[in-house]
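Anchor point for the sequence shown: position 24 equals 24 in full-length UniProt numbering, and the numbering is continuous, going up by one each time. The block underneath contains the structure these notes are about, expressed in structure tokens.
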Amino acid sequence: MFEHGHTIADSGSGLGLSIVKGIAEAHGWSVSAVEGNDGGARFHIRSE
Numbered sequence: 001m002f003e004h005g006h007t008i009a010d011s012g013s014g015l016g017l018s019i020v021k022g023i024a025e026a027h028g029w030s031v032s033a034v035e036g037n038d039g040g041a042r043f044h045i046r047s048e
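What follows is the structure, encoded as structure tokens:
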């Protein structure tokens, strides 16, 4: 999900979450995804 090119949308490029991950890691943070309460996804960005 966080890799370049990963997408499930016809119009998506698959770059968004990989960019988020790169920025987070550059700051020493972590990014994770969990199932959202309403069926989607919820993303956590944590400074550690």
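Don't be surprised by glycine CBs; every beta carbon is placed ideally from N, CA and C. A quick note: this is a predicted structure, and the numbers were derived from the prediction, not measured.
Cut-off 8 Å between Cβ atoms - residues of its own chain near residue i, not counting five sequence neighbours on either side
i     : result
GLU35 : ALA41, ARG42
CB contact flag (residue i, residue j, <8 Å)
i     : j     : result
GLU48 : GLY28 : yes
ALA24 : SER30 : yes
Where the alpha helix (DSSP H) through residue i begins and ends
i     : result
GLU35 : Looking at the DSSP string, GLU35 is not in any alpha helix (DSSP H); the run it does join, the beta strand (DSSP E), is 29-35.
ASN18 : Asn is not the amino acid found at residue 18; the sequence shown has Ser there. Looking at the DSSP string, the run of the alpha helix (DSSP H) that includes SER18 is 16-26.
Close beta carbons around residue i, own chain, < 7 Å, minus the five adjacent residues each side
i     : result
GLU3  : SER18
GLY16 : none
ARG46 : TRP29, SER30
Extent of the continuous beta strand (DSSP E) run through residue i
i     : result
SER47 : 41-47
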